[in-house]
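There are 2 protein chains.
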Amino acid sequence: MLDVGNDSREDYLINILRLSEGGTAVGTSALADYMGVSPGSVTEMLKVLKREGYVNYEKYRGVSLTESGYRIARDLRRKHHIMERFLTNVLDMDKDNAHEQAHIMEHAISNDAAERICRITGTNVDPDCATCTDPCTDSVSPVSISISVVEMKVGDSGIISYLSTEDGSVARKLISMGFVPGREVELTSVVSEKGARVIRLGDATLALDRNMASAIFVDVR
Amino acid sequence: MLDVGNDSREDYLINILRLSEGGTAVGTSALADYMGVSPGSVTEMLKVLKREGYVNYEKYRGVSLTESGYRIARDLRRKHHIMERFLTNVLDMDKDNAHEQAHIMEHAISNDAAERICRITGTNVDPDCATCTDPCTDSVSPVSISISVVEMKVGDSGIISYLSTEDGSVARKLISMGFVPGREVELTSVVSEKGARVIRLGDATLALDRNMASAIFVDVR
DNA sequence: CAAACATATTCGACATACCTAAATATCGGT
DNA sequence: ACCGATATTTAGGTATGTCGAATATGTTTG
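These protein sequences, in sequence, are chains P and A. Be aware that the first sequence starts at 1, since it is given in this note's numbering, and climbs by one per residue. Be aware that the second sequence starts at 1001, since it is given in this note's numbering, and climbs by one per residue.
Written as C-alpha cells, this is what we have:
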C-alpha cells in the first residue's frame, strides 16, 4: 500500500485503471486530458510510478498497471464503492455528497475497515450495483444461488448472502434491524402468501411484511 | 473548514487545543516538544495559522485558538472519537487499529457524515466514554434523563437516546438489530422480572434477554 | 521513403508545504 | 543590567506536484 498522503499517486493509478479497462495500454495525452493536467506532468509521474513498481511504462509506448498497481487501483475503486454505498444506504446521505465524501475517504480508509463496512452493507455480493456510477465488476461475484426469504419454506434456515438494494430505504431498514450478510435466519411461520413472514434472527424473532422479506436473499443449507 | 490535504495544519490546531485545555496560552517550545518538531517550525506554522485566522498569536506571547480555530479543533477531536467508537463498537476492530484509522479518518470525514455515524453509535449522548483515550467533554451532555428499558412499564414507549457501551459486544448486537438512537421502541410485554422483554421496534417485534434490554436507554414520553 | 503531423519526453522553472539547525532577539527574574 | 530560558529569524533542504516550451519519437500518407 502507498503511504498516507499520496492521494495524487493513487488518483493516477485509479485513472489508469479506468482508461485501461478497454484492454489497451493508456496514452500519455489521454491520461493527461482525463485528469486535467499537462502531458509533461503525466510523464513525470509515470516515471515515479514505474520506479516504485506500480506501472509498466516504456517511453512513447503508453502505460499499464503492474500486478501491485492493479491491486491498489482496484482496492481504491472498491473502497470508493463501499463508502458510497455506506454513505447513501446506511447514513442516508444524498448522492452528490456521498460521492464527494467517498472520493476523499477512499484514500483514507484501510482495506480492513472497508471490508468490515462491506460486511454491514453487503456490497461485495450485491449483484445490482445500484448506486455505483461505474459498475464494480470486481466485486460482483454471486457464487452460490441465493433465494429470497419469500421463497423459503417454513422451518428452513440459511445464511443471509445479500440484500436487494433496489429500494435503498428498505435495505437501510433491514440493515438497521440486523439483517446483514453472514447472519443466520430461520423462517418460523408465514401469516399468508401476501402477508408477513415471521423470522428468527439470532436471539430475536420478528415479523416483516412481504415486501421487506423479499429483499433478503439467503443461502439455504 | 480547511481544505483537504491540510492534515498538518489540522494537527497543529488539535494539539493547541489539547495543550490549552488547562486554560493558559500555549508556548512555542511546549507545542514543539509535544508534536516532535523544532520550535522554529512551530513559529512558522503559527504565523500561517494566524494569517488564516485560526489562532491568536503575538510573538513571544504564546498562542491560543480563535473561535474558528477552536471550532475546527473541537470538530476534529469529536470526529476522532466518533470514528474510534464506530470502528471498535460497530466494526469490531481492535483498539490499536481503530485508533490509528481514526487518526487518519478524522481529517477525511465531513462533519455531516460523522454526525450521521454518531447517530448510529450514539456517541453524542453517551455518558460513559469507554473507548475514548481522552474524555470527550464536548460531546458528553446527557440533557434529558433516560431510563433503561428494564425500567419501563408495559405499554410505555419512547425514543432510544443511547446504548450502554460497557459491553461492546452487547452494544454491537443491539445496533445490528436496529436499536439505534432516535428510533422508537415500545415495551410490549415482560416475560418475568429476570426474563426477556418483548419490544416493538418500528415494524418489528422482538424479544431480548434482560441483560441486553438493560443496555438500551430511552426517553419515555 | 521522407516529409508532415500527432504524440511524447525533457528541461527549466515555479509553488507549496513541510522541515531543520544555528544565529539572533526578547522576556522575565534576581 | 545581566543571565538564562524561551522564541524568532534566517538560510537552506526535501518532497510533491505542477506548467510551458523546446525537443524527440512514432506514424501516416503522398
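Using N, Cα and C, we set each Cβ at its ideal position, and we do this for glycine too. Just so we're clear, the structure is a prediction, and the values are computed from it rather than from any experiment.
Within chain A, partners of residue i - CB distance below 7 angstroms
i        : result
THR205/P : LEU1206, ALA1207
ILE104/P : VAL1004, ALA1108
GLY178/P : SER1176, MET1177, GLY1178
Proximal chain A residues relative to residue i, where beta-carbon distance stays under 9 angstroms
i        : result
ARG116/P : LEU1087, VAL1090, LEU1091, ASP1092, MET1093
ASN97/P  : SER1110, ASP1112, ALA1113
Cβ pair residue i, residue j closer than 8 angstroms
i         : j         : result
MET152/P  : VAL220/P  : yes
ASN218/P  : GLY155/P  : Reading the sequence as shown, one finds Val at residue 218/P and not Asn. Contact flag unset, no.
VAL1055/A : VAL1063/A : yes
VAL170/P  : MET212/P  : yes
GLU1010/A : ILE1082/A : no
LEU1187/A : LEU1174/A : no
ILE14/P   : LEU87/P   : no
ALA1204/A : ALA1196/A : no
SER148/P  : SER214/P  : yes
LEU65/P   : LEU17/P   : yes
ARG1078/A : MET93/P   : no
LEU1201/A : ARG1183/A : yes
ILE4/P    : ILE1160/A : Here residue 4/P is Val; the residue named in the question, Ile, does not match the sequence. No.
ALA32/P   : SER38/P   : yes
MET1045/A : TYR1070/A : no
ALA1113/A : GLN101/P  : yes
ARG210/P  : VAL150/P  : yes
Beta-bridge partners of residue i, as assigned by DSSP
i         : result
VAL1185/A : GLY1158/A, LEU1201/A
LEU216/P  : Rather than Leu, the amino acid found at residue 216/P in this sequence is Ile. In the DSSP output, where bridge partners are listed per residue, ILE216/P has LEU163/P.
LEU208/P  : ARG197/P
LEU65/P   : VAL55/P
SER148/P  : PHE217/P
VAL190/P  : ARG197/P
Check: residue i C-beta below 7 angstroms from any heavy atom of the ligand COA
i         : result
GLU1021/A : No copy of the ligand COA occurs in the structure displayed, which carries no ligand at all.
| said: Under 8 angstroms, with one C-beta from each stretch per pair, do the region 177–188 of chain P and the region 108–115 of chain P reach the 3-pair mark? | reply: no
| field | Runs of beta strand (DSSP E) lying entirely within the region 13–63 of chain P, each at least 3 residues, in chain order | value | 55–57
| Hey, which unbroken runs of the alpha helix (DSSP H) at 4 residues or more fall wholly within the region 76–114 of chain P? | 95–105
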